[in-house]
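What follows is a set of notes on a single structure, which appears directly below.
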Amino acid sequence: MPRISAVLNVRNEAAHVAACLASCEGVEDVVVADMESTDGTVAIAAAAGARILRLPDAGYCEPGRQPAIDAAAEEWVLLIDADERLSPGGVERLRALAAAAGPDVSAYLLPCPTYLGSRLIRGTGWGLDVERHPRFFRKADVTWPSTIHVPPCFTAAAVDLPPDVDVALKHLKFDSYEHAIAKFNRYTSVEADERRAASRGSTPAEAITDAVAEFGRRYSPDEDGSLSLALSMGFFVYRFLTHMKTIERSDWPSDGVPAEASMRTAWGAFLDTLGAAEHEQARAAARYEYARGRLDAAAARLRQAVACWGSDAATLSDLAAIEMARGRGH
Numbered sequence: 013m014p015r016i017s018a019v020l021n022v023r024n025e026a027a028h029v030a031a032c033l034a035s036c037e038g039v040e041d042v043v044v045a046d047m048e049s050t051d052g053t054v055a056i057a058a059a060a061g062a063r064i065l066r067l068p069d070a071g072y073c074e075p076g077r078q079p080a081i082d083a084a085a086e087e088w089v090l091l092i093d094a095d096e097r098l099s100p101g102g103v104e105r106l107r108a109l110a111a112a113a114g115p116d117v118s119a120y121l122l123p124c125p126t127y128l129g130s131r132l133i134r135g136t137g138w139g140l141d142v143e144r145h146p147r148f149f150r151k152a153d154v155t156w157p158s159t160i161h162v163p164p165c166f167t168a169a170a171v172d173l174p175p176d177v178d179v180a181l182k183h184l185k186f187d188s189y190e191h192a193i194a195k196f197n198r199y200t201s202v203e204a205d206e207r208r209a210a211s212r213g214s215t216p217a218e219a220i221t222d223a224v225a226e227f228g229r230r231y232s233p234d235e236d237g238s239l240s241l242a243l244s245m246g247f248f249v250y251r252f253l254t255h256m257k258t259i260e261r262s263d264w265p266s267d268g269v270p271a272e273a274s275m276r277t278a279w280g281a282f283l284d285t286l287g288a289a290e291h292e293q294a295r296a297a298a299r300y301e302y303a304r305g306r307l308d309a310a311a312a313r314l315r316q317a318v319a320c321w322g323s324d325a326a327t328l329s330d331l332a333a334i335e336m337a338r339g340r341g342h
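Everything in the sequence shown is counted per our numbering, starting at 13 for the first residue and increasing by one.
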């Protein structure tokens, strides 16, 4: 049967690394590539039997990906982060996938359900329809770029496994909302540095446009409720900060600053995006109440949406239908 190396890139992951390694029990080889940890990460990993590769701290993991992969001893590599857990029975399932792979297959994209604390994020840009990543692959077939958030290249196909497959990487992405914001602040600094190094400038208009678009792409309250609002606003700020930190690195040039009218237009577009989503959520909640005979609650939910976010044709139509039903005594 195919043999597997588990490869981790870590820095100060003493709280996570033992559980991560335990989830990979059964692989033939474990490489922990450490970027100058100052906690007990290295000692914990070594005690668990991992080989330790010491790398300089680059501030993010991508510069260490390829060196860590190159250090793997086996043909197939499971690339797993310390805040991820391989599903029970996952090693043998991966071994079966490797055995079934022909020469035209370099990699498998694994489902990666994402969590904030104990809360599964069902949408907001992280649903299982999008969170599948190439984490199991032939060592010889991969080239991993050192640029942050740039995907790897493979010499042959990367097979996309369906969300309901019986192997996954549970991603404990954020310990808390505070942890998420700290990550956003760190990563936006890295991205701003990379933009400057690549001679890619930013403008205030880009900052606003990208922030509004990011919010609109992610916001899905029907799936994640208030958590979706919190994370989507976080990514609104993420896009804005990336551009503004890039501008800061050019010593705050005064050209390109939007006029007040342009800012009002951009803010209006943002509110329109938020309002449309809130109206949709209100209609869904009203349908739920209506189906259970709670017509007063259904009408109140729609009136609240109109009061907060203005008139919406579909919302007003639903409200009129509910009021008519209330008038009939249903």
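By construction, the Cβ of each residue, glycine as well, lies at the ideal position given by its N, Cα and C atoms.
This one's a predicted model, so the numbers in the text were calculated from it and none came from an experiment.
Using DSSP's beta-bridge definition, name the partner residues of Cys377.
The structure shown has nothing for residue 377, since the chain only spans 13 to 342.
Taking only runs that begin and end inside the segment 163-206, name each unbroken beta strand (DSSP E) of 3 or more residues, in chain order.
169-172, 181-186
Using three-state DSSP, classify Leu67 as helix, strand or coil.
coil
Looking only at C-alpha atoms, which of Trp138, Val179, Asp236 sits nearest to Ala108?
Val179
Which residue from Phe248, Ser238, Ile259, Leu253 puts its Cα closest to that of Ser211?
Ile259
If you check the beta carbons only, do Thr327 and Arg306 fall under 8 Å apart?
Thr327 is not a Cβ neighbour of Arg306, given a cutoff of 8 Å.
If you draw a straight line from the alpha carbon of Leu128 to that of Met13, how long is it in whole angstroms?
36 Å
Cα separation between Asp51 and Asn24?
If I take the Cα positions, the gap works out to 6 Å.
On the DSSP bridge list, what partners appear for Asp46?
Val22, Arg66
So is Ala289 in contact with chain C if we call contact Cβ pairs under 8 Å?
Absent from the structure is chain C; it holds one protein chain and no more.
Could I get the ranges of all uninterrupted alpha helix (DSSP H) runs contained in the segment 71-116, with 4 residues as the minimum, in chain order?
74-82, 102-112
Grab the span of the alpha helix (DSSP H) containing His291 for me, first residue to last.
272-303
Please report the residue range of the beta strand (DSSP E) in which Tyr127 lies.
126-128
Identify the continuous beta strand (DSSP E) that holds Arg150 and give its terminal residues.
Arg150 -> beta strand (DSSP E) spans 144-150.
Does the beta-carbon distance from Tyr250 to Thr215 come in below 8 Å?
no
Nearest to Ala337 by CA position, among Ala311, Gly322, Ser323, is which residue?
Ala311
Let's see if you can read the secondary structure: which residues bound the alpha helix (DSSP H) around Tyr250?
Per DSSP, Tyr250 belongs to the alpha helix (DSSP H) from 233-260.
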